[in-house]
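J.: If you scroll down you'll find the structure; I have some questions about it.
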Amino acid sequence: MEVLDIDARAAKLGIDWSQVNLDSIQLPPGQDFGIESDDEAVYHDDQSEFDTGFGNIIVVDHLPVVPMEKFEKLEGVVKKIYNQIGVIKENGLWMPVDPDTKMTLGYCFIEFNSPQEAQNAKEKSHGYKLDKSHIFAVNMFDDFDRLMNVKEEWEPPQARPYVPGENLQKWLTDEKARDQLVIRSGPDTEVFWNDARQKNPEPVHKRPYWTESYVQWSPLGTYLVTLHKQGAAVWGGADTFTRLMRYQHSMVKLVDFSPGEKYLVTYHSQEPSNPRDASKVEIKVFDVRTGRMMRDFKGSADEFSIGGPGGVAGASWPVFRWAGGKDDKYFAKLSKNTISVYETETFSLIDKKSMKVDNVVDICWSPTDSILSLFVPEQGGGNQPAKVALVSIPSKVELRQKNLFSVSDCKMYWQSSGEYLAVKVDRYTKTKKSTYSGFELFRIKERDIPIEVLELDNKNDKIIAFAWEPKGHRFAVIHGDQPRPDVSFYSMKTAQNTGRVSKLGTLKAKQANALFWSPTGKYIILAGLKGFNGQLEFFNVDELETMATAEHFMATDIEWDPTGRYVATAVTSVHEMENGFTIWSFNGNLLYRILKDHFFQLAWRPRPPSFLTAEKEEEIAKNLKKYSKKYEAEDQDVSLLLSEQDREKRKALNEEWEKWVMQWKSLHEEEKLARQSLRDGEVSDVEEDEYEAKEVEFEDVIDVTEEIVQESM
Amino acid sequence: MRPILMKGHERPLTFLRYNRDGDLLFSCAKDHTPTLWYADNGERLGTYRGHNGAVWCCDVSRDSSRLITGSADQTAKLWDVQSGQELFTFKFGSPTRSVDFSVGDHLAVITTDPFMERTSAIHVKRIAEDPQDQVADSVLVLQSPEGRKRINRAVWGPLNQTIVSGGEDAVIRIWDSETGKLLKESDGEVGHKKPITSLAKAADDSHFITGSLDKTAKLWDMRTLTLLKTYSTVVPVNAVTMSPLLNHVVLGGGQDASAVTTTDHRAGKFEAKFYDKILQEEIGGVKGHFGPINALAFNPDGRSFSSGGEDGYVRLHHLDPDYFNIKI
């Protein structure tokens, strides 16, 4: 209705608008005279009423059937029972009555304040014995539809037809035997093939806002896990990435896989409202394939750590450390004075109890066997020596232990095939004012586990980094003083005697503070990250020679691809400049470089271990020439193709440019006269002007001075 | 060849300009005195004293007789090149950012910054043959639609028919220099994403290059404003120039001056980077400055170029014979 119409109507009815208080007019409820309300609040109220649903109502069955006289008494009894469990809403109890017989029907509805209370009431009072013949059957109102449809006769569940899943490992069958890597930059997460032949990455899958914090590959590379507000999700598939499973864990912060990727551990911690309290920690263990939660652990952060500086506001990650091997049998948790070892068949403690080890500060699993190494520091001001021990699980038998004196700290390093354990021991000097370091080397696979003590040539050298050769018998140590420490290589074998450690060589004064062995051994990168601006040295340990030196300025991360053919170095967004990554060949050739602003993460997709036996691998290594022929031919083809494409592209660009230039030239020619007039008739354009050399002679008297020259006789 | 280091300024360089013959090099800096150098050996010839603020830009007439400079002291000045004498002062209510003589040197385009209530503007002044007859009136004043955003550079288009401008709003505009009508605006899709810092045109006025803080430089057709090429680098671009001899473009820049002191000098990438104009591929770089590069200019003979940095130095590079044989 137009305003004018309203005015006209009002005039006709003899109403003076100015006298009418519009707010005082009340319409009968439900009547809007066909005018829709523009009051948004009305809609909102409706909405909230609707949302509550019937989740807070339970249905209590098997009540006594009583006549009207006893109605109130029964109501009182029921109210009394349920008021003990939760708060019944006002008028929340409704017991229907048969209108013909005036008898109750033997059931009632109870509405609670919250669905939680209703749930609780259902669980607690189901099966409640009012008397012998009246045993309560309690159900949620929401479940009723479902319960009504239960068939009278039991039907055997239908066997679901087997649907063959996707081949989750298809990426391993890539014809060019390439590896994948995932990167995160800005809002995007991208998976690439590392196509070293084409010298660029080939995109596989890209998705903005794929994860809310970070992504992680599973240890065998089958899954990529993403983190979200509601929980974690794993992705994988034959050709692209589809979501395979979700794991509900609200506000999940960290995830960890078991080494055989059977289980996924998710972690969430909550800052306490009172800053003096420890933060609350919740950890869930899921079965990766079924998505079922196997066990959850809740508690304060103290229960999941032993004091020291934690990872993400609370416990140090991973809280649960998985025993080595592919069968994912055991996992262990370290807390104050106890080591709790769980087994995954029942997800309970082995022998139903934790191991008591007073003051234990560190535990470490062997990467291949269920052997746990643990370290207990000195107690009582040195009266009780520090101890490193190896414990076999599940028997909890101590295989070997060693007491160590005047120790300030220990760090344990397992070799990747579980053959050796190196313990770096920091000891106090006699004056107790400073420390020096040495190694205790355990040979796990030999009888009685012999221990050997290794000290560096210069005992006082500080140890900056230590790394075992993967699957090998060698290790590298960076020791000495910054900024030019030395790097030494040792072997657990000597030429004649296999039972002794020997030094292979020392490189003096290297700009390095981190060691990165190739996953296949033999090659190592000595890297100077952070303070050293990204110095890289590609070193061959077999020959003890440097293959190449390079620099990826300000590099923050280095990661070998799982085959040891390529290395990625990256500058992540801890720096503002030059974010991106570079791919190198194993011997230090720069292959290509990708720059991305806000570059956060790079991770190679791991590969499961090879099925080839050690003998077969050795045979291939020996006859490498024979095997590599085919690949070299392919390489050649690719590089030919590349240069062909490149040439053509360049040709096209050049032709296009020529066309433009010709256009300009003709225009320029046409405008020649116009330009001349603008320049007051001066003919020469810069470009058509042949310089005329004019010789100009110019004389100028610069200065005149008079000097009296004395004639000397 | 070793570059010649020319230390004549006490503050960061802002602009460099060769005369047509390529024997003189004019430099402007945030100190108040534009300086004239021999473009061959870097010897200082003289200075132009009179400004009272940072000098942002200059241009020299075709016959190398007149110099025009624009300064933060809210003036643009005309000078006699040879004597260093101040001939005329154009007064504006706000700092002048860029100056450019037209073909024939009878007109000059001068841009002014937004300042207090004033919005950024492009002024066209008539330059009298005889400085005695010079008047201060503008022939034309153009107002940018984005008045609060600075116009960093405005130059004459072919035959003085148009004026091309670029600035902080990342848009390149072509104006009719006769009527003042806005003719063309660069496409937001393909254009720059961050402020345009510099603009340089080809010798034949057919195309021009712009540098921007979005870490790219772009090559445009001067008549149609079609995007021809894009050159990407890793740092914000402060200065651009094109070789008149080969199909090369040079980009200079570096991280923000405020962040310079917090990082290693290598991190800043204070390099003059050469790109192939057609293939858009990087050819090489010339290091040396220890601050961002603010100004670049190619000698009209194409055999040398100079760069001016935040570090206060002008580096004059005579290109090696090898440079002229680069094949990519």
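So the protein sequences, as listed, match chains A and B. Residue 0 is where the first sequence starts when you use numbering that gives the first Met the number 0, and the numbers rise one by one after that. Residue 0 is where the second sequence starts when you use numbering that gives the first Met the number 0, and the numbers rise one by one after that. Quick reminder that beta carbons are idealized off the backbone N, C-alpha and C, glycines included.
1) Near D83 (chain B), what residues of its chain come up, given a Cβ to Cβ distance below 6 Å and the 5 sequence neighbours on each side ignored?
2) Alpha carbons only, please: which of A:R399, A:T571, A:Y435, A:L453 is nearest the one belonging to A421 (chain A)?
3) Is Q662 (chain A) helix, strand or coil when you go by DSSP?
4) From what residue to what residue does the alpha helix (DSSP H) around L672 (chain A) run?
5) In three-state terms, what does DSSP make of M5 (chain B)?
6) So that I know if they touch, is there some Cβ in chain A lying closer than 9 Å to that of S205 (chain B)?
7) Please go through the same chain and pick out, in chain order, the residues whose beta-carbon is closer than 6 Å to the beta-carbon of V80 (chain B), but skip the five residues on each side of it.
8) Do you know whose CA, among A:S572, A:L543, A:L594, A:Y522, lies nearest D560 (chain A)'s CA?
9) Can you tell me whether A10 (chain A) is helix, strand or coil according to DSSP?
10) Around the Cβ of H288 (chain B), are there at least 16 other Cβ atoms within 10 angstroms (buried) or fewer (exposed)?
11) In terms of residue numbering, what span does the beta strand (DSSP E) encompassing I84 (chain A) cover?
12) Could you tell me which chain A residues have their CB closer than 9 Å to the CB of L15 (chain B), listed as they occur along the chain?
13) Which chain A residues are close to I277 (chain B), counting only those with a beta carbon under 7 Å from its beta carbon?
14) When the Cα atoms are used, what is the spatial distance from G498 (chain A) to M491 (chain A)?
15) On a CA-only basis, which of A:K401, A:L639, A:D4 is nearest T450 (chain A)? Give me that one, please.
16) Report the three-state DSSP secondary structure of R145 (chain A) (helix, strand or coil).
17) Is P291 (chain B) near the ligand NAP, in the sense that its beta carbon is under 8 Å from a heavy atom of that ligand?
18) Go through its chain and collect everything with a Cβ distance to H227 (chain A)'s Cβ below 6 Å, but skip five positions before and after it.
19) My parser needs the beta strand (DSSP E) runs of 3 or more residues fully inside the region 67 to 139 of chain B; what are they?
20) Which chain B residues sit within Cβ distance under 9 Å of L535 (chain A)?
21) Three-state secondary structure (DSSP) at V318 (chain A)?
22) To the nearest whole angstrom, what separates the beta carbons of N51 (chain B) and D72 (chain B), a pair I think is in contact under 8 Å?
23) Check whether the Cβ atoms of L15 (chain B) and L24 (chain B) sit closer than 9 Å, and answer yes or no.
24) Name, in chain order, the residues that DSSP records as bridge partners for M139 (chain A).
25) Do M241 (chain B) and F297 (chain B) have their C-beta atoms within less than 9 Å of each other?
26) Which residues in chain B have a C-beta closer than 7 Å to the C-beta of E669 (chain A)? List them in chain order.
27) Assuming Q160 (chain B) is part of the alpha helix (DSSP H), what are its boundary residues?
28) Got a sec: is the Cβ-Cβ distance from K664 (chain A) to anything in chain B below 9 Å?
29) Tell me the rounded alpha-carbon separation between K509 (chain A) and L601 (chain A).
30) Report the option in B:L224, B:R1, B:C27, B:E188 whose CA atom is closest to the CA atom of E9 (chain B).
31) Distance, Cα to Cα, R291 (chain A) vs Y246 (chain A)?
32) By a C-beta neighbour count over all protein chains shown, 10 Å radius and 16 as the cutoff for buried, is S60 (chain B) buried or exposed?
33) Using a 10 Å radius around the Cβ and a threshold of 16 neighbouring Cβ atoms, would you call V700 (chain A) buried or exposed?
34) Tell me the rounded alpha-carbon separation between V239 (chain B) and A153 (chain B).
35) Within 9 Å of any Cβ in chain A, is that where the Cβ of V54 (chain B) sits?
36) Helix, strand or coil: which one does DSSP assign to N119 (chain A)?
T.: Reading off the structure:
1) Residue mapping note: residue 83 (chain B) aligns to position 84 of the second sequence, counting from 1. Residue 83 (chain B) is actually Gly in this sequence, not Asp. For G83 (chain B), where only same-chain residues beyond five positions count, the Cβ hits under 6 Å are G45, Y47.
2) For the purposes of this step, residue 421 (chain A) is taken as the residue at position 422 of the first sequence. Of the listed residues, the one whose Cα sits closest to A421 (chain A) is A:L453.
3) Translated into positions along the first sequence, residue 662 (chain A) becomes position 663. Here Q662 (chain A) sits in helix by DSSP.
4) Taking the first sequence and counting its residues from 1, one reaches residue 672 (chain A) at position 673. Looking at the DSSP string, the run of the alpha helix (DSSP H) that includes L672 (chain A) is 671 to 677.
5) The residue you call residue 5 (chain B) lines up with position 6 of the second sequence. It is a strand residue.
6) Looking up residue 205 (chain B) in the second sequence gives position 206. So, interface residue.
7) Within the second sequence, residue 80 (chain B) is the residue found at index 81, counting from 1. Closer than 6 Å at the Cβ level, and outside the excluded window around V80 (chain B), lie S63, S64, L66.
8) Taking the first sequence and counting its residues from 1, one reaches residue 560 (chain A) at position 561. Answer by Cα proximity: A:Y522.
9) Position 11 of the first sequence, counted from the start, is the residue given in the question as residue 10 (chain A). Here A10 (chain A) sits in helix by DSSP.
10) In the second sequence, the residue the question calls residue 288 (chain B) occupies position 289. Buried, since its Cβ has 16 or more Cβ neighbours within 10 Å.
11) Position 85 of the first sequence, counted from the first residue, corresponds to residue 84 (chain A). Premise fails: I84 (chain A) is in no beta strand (DSSP E) and is neither H nor E.
12) Here residue 15 (chain B) corresponds to residue number 16 of the second sequence, with the count starting at 1. In chain order: nothing, as chain A lies at least about 18 Å away.
13) Indexing the second sequence from 1 puts residue 277 (chain B) at position 278. Under the 7 Å cutoff, chain A gives L652, N653, W656.
14) Residue 498 (chain A) sits at position 499 when you count from the first residue of the first sequence. Residue 491 (chain A) sits at position 492 when you count from the first residue of the first sequence. Roughly 7 Å separates the two Cα atoms.
15) By one-based count along the first sequence, residue 450 (chain A) stands at place 451. The residue asked about is misnamed: residue 450 (chain A) is Ile in this sequence, not Thr. For I450 (chain A), the nearest C-alpha among the options comes from A:K401.
16) Counting from 1 along the first sequence, the entry for residue 145 (chain A) is found at position 146. Looking at R145 (chain A) - three-state DSSP - the assignment turns out to be helix.
17) With respect to the ligand NAP, the structure offers nothing, as it holds no ligand at all.
18) Within the first sequence, the letter at position 228 stands for residue 227 (chain A). Cβ within range, chain order: E211.
19) 74 to 79, 85 to 90, 95 to 100, 106 to 111, 120 to 125
20) One-based indexing of the first sequence puts residue 535 (chain A) at position 536. The premise fails here: L535 (chain A) is roughly 15 Å from chain B at the closest Cβ pair, so nothing lies under 9 Å.
21) Locating residue 318 (chain A) in the first sequence gives position 319, counting from the first residue. The answer is coil: DSSP assigns V318 (chain A) none of H, G, I, E or B.
22) Your numbering for residue 51 (chain B) matches position 52 in the second sequence. Your numbering for residue 72 (chain B) matches position 73 in the second sequence. Rounded, the Cβ-Cβ distance is 4 Å, consistent with contact.
23) Indexing the second sequence from 1 puts residue 15 (chain B) at position 16. Indexing the second sequence from 1 puts residue 24 (chain B) at position 25. Yes, the pair counts as a contact, with Cβ atoms nearer than the cut-off.
24) Your numbering for residue 139 (chain A) matches position 140 in the first sequence. Looking at the DSSP assignment, M139 (chain A) forms a beta bridge with A:I57.
25) For the purposes of this step, residue 241 (chain B) is identified with residue 242 of the second sequence, where counting begins at 1. For the purposes of this step, residue 297 (chain B) is identified with residue 298 of the second sequence, where counting begins at 1. Going by C-beta atoms, M241 (chain B) is nearer than 9 Å to F297 (chain B).
26) Mapped onto the first sequence, residue 669 (chain A) falls at position 670. Near E669 (chain A) there are no residues of chain B at all, since even the closest Cβ is about 10 Å away, more than 7 Å.
27) Residue mapping note: residue 160 (chain B) aligns to position 161 of the second sequence, counting from 1. Premise fails: Q160 (chain B) is in no alpha helix (DSSP H) and is neither H nor E.
28) On the first sequence, position 665 is the one that residue 664 (chain A) refers to. Yes, K664 (chain A) lies at the interface with chain B (some Cβ there is under 9 Å from its Cβ).
29) Counting from one through the first sequence, the residue named residue 509 (chain A) turns up at place 510. Counting from one through the first sequence, the residue named residue 601 (chain A) turns up at place 602. One C-alpha to the other measures close to 27 Å.
30) As a position in the second sequence, residue 9 (chain B) is number 10, starting the count at 1. Residue B:C27 is the option with its Cα nearest to E9 (chain B).
31) Residue numbering aside, residue 291 (chain A) sits at position 292 when the first sequence is read from its first letter. Residue numbering aside, residue 246 (chain A) sits at position 247 when the first sequence is read from its first letter. Taking the straight line from one Cα to the other gives about 8 Å.
32) By one-based count along the second sequence, residue 60 (chain B) stands at place 61. Burial call: buried.
33) In the first sequence, counting from the first residue as 1, residue 700 (chain A) sits at position 701. With fewer than 16 other Cβ atoms within 10 Å, it is exposed.
34) Here residue 239 (chain B) is taken as the residue at index 240 of the second sequence, counted from 1. Here residue 153 (chain B) is taken as the residue at index 154 of the second sequence, counted from 1. Their Cα atoms are separated by approximately 14 Å.
35) Taking the second sequence and counting its residues from 1, one reaches residue 54 (chain B) at position 55. No, because no Cβ of chain A sits closer than 9 Å to the Cβ of V54 (chain B).
36) Against the first sequence, residue 119 (chain A) aligns to sequence position 120. It is helical.
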